[in-house]
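Q:
Next comes the structure, spelled out in structure tokens:
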């Protein structure tokens, strides 16, 4: 089951600061939906536990998150992989940061995710809506991090 | 023919136990101390299994064992496959590599199924995903990832047969057409999943097996894989099977459970849950691309065909590639087509493996053939009824030899089609279609005339695998008359709803002239059974019916011999009536059933010399006209008997939504003599419903990353009573000259023609807008897409 | 870690049945495995096929979608409970035999339960109403035709007692 | 397909249920009919540690006509969250006052699931294709959520956030649904959906309720689309546009075109996004026509 997501979001933070945030493991831990622990394996590569909880559905995954293709401060790729009892998930998204106004950055993203196991086999009807919802959660969490950073 | 019991309305022997909840299905078998299995399955389309860690699972109280492929594969032999591809090895559990999403990787044994599932979640498997291939056509291109690298290719089987002067016929024909149709991956999906329970008795060195099976040579294959002598496996054939229609094969399940029971020393049961069944039950059906070329004349005479059939069997081959073989025996359908080229190609992909489905590959082929006939008619502007009648084999042309070497036994195709048209009120159907069209709706009529080869033999095995010289495909029956004079028939296989107990009782009753309701029919176990090849291939009316008749005749012969001896007259002067034997004429000399039985059982001094005491007889029967190997050019007598079904259907499509509705459905059916009409009709209605599913609703769909998306009944859409219309059935009887009572098979009836007819109807509906659809199932989305002018 | 057990008590086919069960035991598993009433079948365990239909407090329900603890205090009728007191088949069951409304018999108990509930509500249903009432029960053998026939047959000769 | 282990508590009052929720938080799930939750638990996609059974709570079983003193406009029929779907089909008050809900229920599952499934259960499960949530949005119902601290009202139109995601907090229980009942006799409604088999999840559904004055002019219209967005979508802006029109065919076609532009469909195995958008347009047109005819 493959899912595609893409879009853009304007964030109230300058590009350089946003860049630093986006690759900060502490921020990753707070923004990746369901992420409950991040442990550094090597530069830009972390081990992580994920507990996805979307309404009634919950699934735990053990996996990793990696940041690659870095072109500071404008581009990187975020890859998340996990495996758990209800299957596996693997997703990656390319992020592009464009300066917008003063203290404002346009973040474009385009990614896809693959799912396998029971979730893919019985949930195909709603997965794409759920994916959009999770992207929304990511940005909400990110905005909160930005506010906290500013505060 | 005038029968006493055959062909008459008669309640079946089986129904009372089922309507009162007293059936005994495998899930009802509870053995003392029995443990339960749940599976760990691969979520990947293809992956190397790097490590399996079971500690956390085994730490749960009540969890007994976690079996891995590594252990199992070292201890059992690979499961048999139909074609000559010894390196495409299959075991119950993946060994090092998992080749489709859902493949079994480990099995957990626990006190309850609940606990087994708890434990299965805790088995940790390290997978390394590897490249996979999902597209059948791409799988045979160079460089495609290989499902079984040892085999060296994804092609399991490929051969081009040429029967008759194909090129000459194509050159001579006035017209040629070529097209592609695709049969979607669906299956029979019985409401009962597969299940098996096994118990090992170390004192007797005997494995007892209860399973939901419909599988030839099941005990032998199980024993062989488990490296046991055949007489160390006892399969109970009295387990009720909750539907099969071909797929209940279960060798891998049984080898797994048998191994566990033997190793662990307690009874073990595995009942697939629906998710395991859909993904890893290895029960998907044909998934076939047909490329057809047809050569025909201006008057509609079809001269020749070239058929390429590419079948995606999934990641392993059981008997599935042979489903391309059975259609060889009816490759021209009911038509006088003089020559045929046939190129079956069976390929491997990273999908769930395919298993036998009702008709064993014939329904997809019938769909392709009927699509060809419709296209020829459309091309020539000919009426679709007329073109069929033009090409039908005439009723006086039987026995009729088709180019691929099979002789059809009998038939009257014109009459059956006429009866179906009359039952459908064809003229009013045309009016309804025209009225719907005038009102802006889409409506179409579909007609199909399809053969059901029946009787079953194993001829496709040597045809597809020269190393396999199996030509014997017998079935048998044992009849016993006990001291009280009661009759018991013993059949030697399990049943999945086809009414075999009624069949045997009716046949025994007919021959012995005794009331079938007084006759008991039991299922032997595999150690007491006579040889049987199970109720596959629409064969039991013919084969079990024939065997029962043969055994009953032997009983009758014994009774006559006893009577002749005791009455002191030659048998030729005797008359058998309702079990009593009397001297012909009004002599008054006779011996009654009870007296004859008593002599046989108790009065050896009154027995004729040379006759065994007791009163029992067995009969083992080989398929009529079976028993021969194919010729070098692949001509072979496939099944002996050929039933015809003619479907006439009116479909209406909502042009705004693409939803198709079956407005009228009629079926004309000729399967020779019907032994029990209710049973034949029931099988046929059910077959039609199954065909409606294949045509409009059902598909095992895969995502681009090899995930089965229709894994539950929320997405694999079996039609309900709200989708299946009321069906008008009309019978015709052209007896088979090859069988005891003129009966032919009907176990696959309905399914063999319904998809073809519905597809033709949908295309007739789309025709006025210049659209057509070439792929099953024809879902609302697919139909709407075509209405919009998009690709299928 | 042993699972907590809950006491359940219910009338099953007019008999009081009590047991201690884990909360996650479905009503169908309770009927089949605990009480050994194996006439009720499981076909999908996710509420689509209807093979597990039983009457709970008079209404047909899917017993795979109910935990036994939820049915505590209730009254359940299974296929075994539709027979006459002497164990012979009731009118509807008899009609299923007469019309040969089954083949493998696996969906049959659920189908009869659904039909029974329909006829209790509506003694003379139309074909459309019959199809609606059994629309949630999948059968793979019969194409439903002889089932519809059987229910029509039964609707003409209900004897008012146990059907 | 056996659920993961859980503990079970049958609440005898709503307060008790809320107390349990407060104690267990996200580890607990309420169960009433269980027709959506139990299959998910069988597949182990849902695995609550606690199930709090509210099916028998009398407080959640009532269907009452309740005129809201604050709002002068509509009457209100309040439906307890644990009212079974089959009860709505038969209840005289619900039939008389909530015809649209009755029409929707014909599309919900099958007899066996409607006998068990509840109105509230369908709402909190929040399947984007489900019929009852769509009706709550279209009629602009108010959902009363209760927790240990008290009651909170949430408009249905703000309740559904994503597939199976709602605004309900783990410690809250949906207690009742208050449906506005339009005054005046000339109200018509319609519910239509396209599913592959009857009883399946809708590929797309649509429903409408309209009120016409004595001259046949539309004085009020409400409509919405299910299955074509991540949540059931009411289309108040289209309803407003229809008010004041004659609800003639041209207006209806325009409304359907406009409606189809407001949704956010996704593709899946059974329907592409384009097909869903098309069906939404077709169905909106059909339900508006049918609702109009229903008045007449």
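Chains as they are written, first to last, in this note's numbering: chain A, 19 to 169; chain B, 2 to 793; chain C, 378 to 540; chain D, 7 to 302. Glycine residues also receive a C-beta, built at the ideal position from the N, C-alpha and C atoms. This structure is a prediction, so every number in the text was calculated from the model and none was measured.
#1: Give the DSSP-derived three-state secondary structure of residue 617(B) in the structure shown.
#2: For chain C, check one thing: does any of its Cβ atoms lie closer than 9 Å to the Cβ of residue 691(B)?
#3: Pick helix, strand or coil for residue 133(B), following the three-state DSSP scheme.
#4: For residue 59(D), which residues in chain A fall below 9 Å Cβ to Cβ?
#5: What in chain D is Cβ-close to residue 711(B), meaning under 8 Å?
#6: The segment 441-472 of chain C: which residues have C-beta closer than 8 Å to a C-beta of chain F, in chain order?
#7: Would residue 194(B) count as contacting chain C if we go by Cβ distances under 9 Å?
#8: In three-state terms, what does DSSP make of residue 151(B)?
#9: The alpha helix (DSSP H) spanning residue 603(B) covers which residue range?
#10: Find out if the Cβ-Cβ distance for the pair residue 695(B), residue 752(B) is shorter than 9 Å.
#11: With DSSP as the reference, label residue 711(B) as helix, strand or coil.
#12: Quick one: which residues of the segment 163-178 of chain D get their C-beta closer than 8 Å to a C-beta of chain A? List them in chain order.
#13: If you compare alpha carbons, which of 219(D), 60(D), 135(D) and 105(D) is closest to residue 18(D)?
#14: Give me the chain B residues within the contact set of residue 19(D), using Cβ-Cβ distance strictly less than 8 Å, ordered along the chain.
#15: Measure the C-alpha to C-alpha separation of residue 738(B) and residue 73(B) and round it to an integer number of angstroms.
#16: Thinking C-alpha only, which one of 577(B), 741(B), 412(B) and 592(B) is nearest residue 550(B)?
#17: Taking the alpha carbon of residue 209(D) as the reference point, which residue from 273(D), 11(D), 293(D) and 144(D) has its own alpha carbon closest?
#18: Check each candidate in 719(B), 332(B), 417(B) and 278(B) and name the one with the smallest Cα separation from residue 7(D).
#19: In the DSSP assignment, what are the bridge partners of residue 196(D)?
#20: How big is the Cα-Cα spacing for residue 94(D) and residue 429(C)?
#21: Can you say whether residue 404(B) is buried or exposed, counting buried as having 16 or more other CB atoms within 10 angstroms of its CB?
#22: For residue 66(A), which residues does DSSP report across the bridge?
#23: Have a look at 97(A), 78(A) and 164(A) and flag the residue whose alpha-carbon is nearest the alpha-carbon of residue 87(A).
#24: Pull up the distance between the alpha-carbon of residue 149(D) and that of residue 48(B), whole angstroms please.
#25: Just to confirm the assignment, what range does the alpha helix (DSSP H) spanning residue 37(A) have?
#26: To the nearest angstrom, report how far apart residue 537(C) and residue 520(C) are at their CA atoms.
#27: With respect to the alpha helix (DSSP H) encompassing residue 273(D), which residues constitute its N-terminal and C-terminal limits?
#28: Is residue 364(B) closer than 9 Å to residue 451(B) when the C-beta atoms are compared?
#29: Within 9 Å of any Cβ in chain B, is that where the Cβ of residue 133(A) sits?
#30: I'd like to know if the segment 152-167 of chain B and the segment 444-456 of chain C are in contact, where contact means that at least 3 CB-CB pairs between them fall below 8 Å.
#31: Quick one: measure Cβ to Cβ for residue 211(D) and residue 145(D), integer angstroms, because I've assumed they're closer than 8 Å.
#32: Can you tell me whether residue 519(B) is buried or exposed, with buried defined as 16 or more other CB within 10 angstroms of its CB?
#33: Do residue 93(B) and residue 81(B) count as a contact pair if the criterion is CB distance below 9 Å?
#34: Does the segment 21-32 of chain B come close enough to the segment 194-210 of chain B that 3 or more CB-CB pairs lie under 8 Å?
#35: For residue 729(B), write down the residues that DSSP places opposite it in a beta bridge.
#36: For residue 538(C), which of helix, strand or coil comes out of DSSP?
A: Walking through what the data contain:
#1: Three-state DSSP puts residue 617(B) in a strand.
#2: Yes, residue 691(B) counts as interfacial toward chain C.
#3: In this structure, residue 133(B) counts as coil in the three-state DSSP scheme.
#4: For the C-beta of residue 59(D), not a single chain A residue is nearer than 9 Å; the gap to the nearest is close to 16 Å.
#5: 275, listed in chain order.
#6: In the structure shown, chain F does not exist; the protein chains are A, B, C and D.
#7: Judged by the 9 Å Cβ criterion, residue 194(B) is in contact with chain C.
#8: Note: residue 151(B) maps to helix in three-state DSSP.
#9: Annotation for residue 603(B): the continuous alpha helix (DSSP H) segment containing it runs 594-603.
#10: Their beta carbons are under 9 Å apart, which means residue 695(B) touches residue 752(B) by this criterion.
#11: In the three-state DSSP reduction, residue 711(B) falls in the coil class, being neither helix nor strand.
#12: Those would be 167, 168, 169, 170, 171 and 172, in chain order.
#13: For the residues 219(D), 60(D), 135(D) and 105(D), the minimum Cα distance to residue 18(D) belongs to 60(D).
#14: Result: empty, since nearest Cβ-Cβ is about 31 Å, beyond 8 Å.
#15: C-alpha separation (whole angstroms): 50 Å.
#16: The alpha carbon of residue 550(B) has as its nearest neighbour, out of 577(B), 741(B), 412(B) and 592(B), the alpha carbon of 741(B).
#17: Per the Cα distances, 273(D).
#18: Selection 719(B), 332(B), 417(B) and 278(B) evaluated against residue 7(D) yields 278(B) as nearest (Cα-Cα).
#19: Its beta-bridge partners are 214(D).
#20: One alpha carbon belongs to residue 94(D), the other to residue 429(C), and they sit about 25 Å apart.
#21: By the 16-neighbour rule on beta-carbons within 10 angstroms, residue 404(B) is buried.
#22: Answer is 56(A) and 81(A).
#23: Nearest C-alpha to residue 87(A): 97(A).
#24: Residue 149(D) and residue 48(B) have their C-alpha atoms spaced approximately 48 Å apart.
#25: That run of the alpha helix (DSSP H) goes 33-40.
#26: With a pLDDT of 45 at residue 537(C), under the threshold of 50, the predicted position of this residue should be treated as unreliable, though the coordinate-derived value follows. If you take the alpha carbons of residue 537(C) and residue 520(C), they lie about 29 Å apart.
#27: Careful: residue 273(D) lies outside any alpha helix (DSSP H) and carries neither H nor E.
#28: Their beta carbons are under 9 Å apart, which means residue 451(B) touches residue 364(B) by this criterion.
#29: Interface residue, yes.
#30: No, the segment 152-167 of chain B is not in contact with the segment 444-456 of chain C.
#31: About 15 Å separates the two Cβ atoms, so there is no contact after all.
#32: Exposed, by the Cβ-count rule.
#33: Result no, Cβ atoms of residue 81(B) and residue 93(B) do not sit closer than 9 Å.
#34: Flag = yes, the segment 194-210 of chain B and the segment 21-32 of chain B touch.
#35: DSSP, once it has assigned bridges, lists 667(B) as partnering residue 729(B).
#36: Because the pLDDT of residue 538(C) is 42, which lies under 50, any placement of that residue in the model is unreliable, and the number read from its coordinates should be weighed accordingly. Coil, per DSSP.
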